[in-house]
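A.B. asks: The listed protein sequences correspond, in order, to chains A and B.
Each residue of the first sequence is one higher than the one before, starting from 0 at the first, in numbering that gives the first Met the number 0.
Each residue of the second sequence is one higher than the one before, starting from 0 at the first, in numbering that gives the first Met the number 0.
For each residue, glycine too, the CB sits at the ideal point set by N, CA and C.
Protein chains: 2
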Amino acid sequence: MSALEDALAQIAFDRDGLVAAIAQQHDSGEVLMLAWMNRAAIERTLATGEVHYWSRSRMKLWRKGETSGQTQQLVELRIDCDGDTLLLLVDQKGVACHTGRRDCFFRAVRGGKLDTIAEVTVDPAKLYGGR
Amino acid sequence: MSALEDALAQIAFDRDGLVAAIAQQHDSGEVLMLAWMNRAAIERTLATGEVHYWSRSRMKLWRKGETSGQTQQLVELRIDCDGDTLLLLVDQKGVACHTGRRDCFFRAVRGGKLDTIAEVTVDPAKLYGGR
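1. Out of curiosity, what's the CA-to-CA distance linking D5 of chain B and Q69 of chain B?
2. Can you check whether the C-beta of I10 of chain B is within less than 8 angstroms of a C-beta belonging to chain A?
3. Residues of chain B with a CB under 8 angstroms from the CB of D122 of chain A: which are they?
4. Where L7 of chain A and T120 of chain A are concerned, what is the direct C-alpha to C-alpha distance, given to the nearest angstrom?
5. Check whether the Cβ of A22 of chain B lies closer than 8 angstroms to any Cβ atom in chain A.
6. Quick one: which chain A residues come within Cβ less than 8 angstroms of E131 of chain B?
7. Kindly indicate if chain B contains any beta-carbon less than 8 angstroms away from that of T47 of chain A.
8. If we ignore side chains and look at the alpha-carbon of each, how far apart do V18 of chain A and Q91 of chain A end up?
9. Could you tell me which of B:P123, B:R62, B:K112 sits nearest to L3 of chain A, measuring between CA atoms?
10. May I ask you to report which of helix, strand or coil DSSP gives L17 of chain A?
11. Against chain B, with Cβ distances strictly below 8 angstroms, would R130 of chain A count as a contact?
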């Protein structure tokens, strides 16, 4: 069995044919984002080394950074104990979040309220302006 | 609005009333596990500082470690850009995975095959033997 077949056989896709995938910066440990993958996204990611996801809103396969240039290079793909979550160790170019922040988890409950804890580092208009 | 109400208002619960929650060890950056929370699990977690989840298989609210003793103390709750994923910074006591491993992501595609990359550090029979 190939690595791909072996890995795919361990994955418990949900009723929509998707599996949750956490992207983590491989060296710093930052949790960047969570997105969803279908079988084709995993195949494409392992084949090319460029992380692909399934967009639930646009209902299409999506190469991370295809519009914004903020790509993710796969370092390692891991599967959890019950096969329903993937952990992608990646090398994130630039920012992972469409708001122009490094990661998507920029709101935190602190001191009794919801705070914005990370600044926009790249103007989203520059990332998506050409669209 | 209280912090709880403010946070809850930003969360996009799915059709089952759940939101994905990634647990990350606050100091080391290890991604420990992904589980699901409903509104009650979030309320209980923020109120007590002990992480609670919704068990999709047992269909019940569950305090992490209630059987195994491997509890998670909440350090910070973060919400992602579109409100459909939480990042919980936690202090994990012992092991997060029911297999007795520190985290759930112990299988990796390496060198063309799926490898087990972490050892069992606590015998699961000791964690769940009393049940």
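C.D. replies: Judging by the given coordinates:
1. Position 6 of the second sequence, counted from the start, is the residue given in the question as residue 5 of chain B. Position 70 of the second sequence, counted from the start, is the residue given in the question as residue 69 of chain B. Distance between the alpha carbons of D5 of chain B and Q69 of chain B is about 30 angstroms.
2. Start at 1 with the first residue of the second sequence, and residue 10 of chain B comes out as number 11. No, I10 of chain B lies away from the interface with chain A (no Cβ there is under 8 angstroms from its Cβ).
3. Start at 1 with the first residue of the first sequence, and residue 122 of chain A comes out as number 123. Within 8 angstroms Cβ-Cβ: nothing; D122 of chain A doesn't reach chain B, min ~16 angstroms.
4. Against the first sequence, residue 7 of chain A aligns to sequence position 8. Against the first sequence, residue 120 of chain A aligns to sequence position 121. Each residue's Cα considered, the two are about 36 angstroms apart.
5. The residue labelled residue 22 of chain B in the question sits at position 23 within the second sequence. Contact with chain A is absent for A22 of chain B, since none of that chain's Cβ atoms lies less than 8 angstroms from the residue's Cβ.
6. The displayed coordinates of chain B run from 0 to 130. Any statement about residue 131 of chain B would go beyond what the structure contains.
7. Reading the first sequence from its first residue, position 48 is the one you call residue 47 of chain A. Not closer than 8 angstroms to any Cβ of chain B, the Cβ of T47 of chain A fails to qualify, so no.
8. By one-based count along the first sequence, residue 18 of chain A stands at place 19. By one-based count along the first sequence, residue 91 of chain A stands at place 92. Those two C-alpha atoms are separated by around 20 angstroms.
9. For the purposes of this step, residue 3 of chain A is taken as residue 4 along the first sequence, with counting starting at 1. Ranking the options by Cα distance to L3 of chain A, first place goes to B:K112.
10. Translated into the one-based positions of the first sequence, residue 17 of chain A becomes position 18. Of the three classes helix, strand and coil, the one that applies to L17 of chain A here is coil, per DSSP.
11. In the first sequence, counting from the first residue as 1, residue 130 of chain A sits at position 131. Low per-residue confidence applies at R130 of chain A: pLDDT is 49, beneath 50, and the placement is therefore not dependable enough to give any value.
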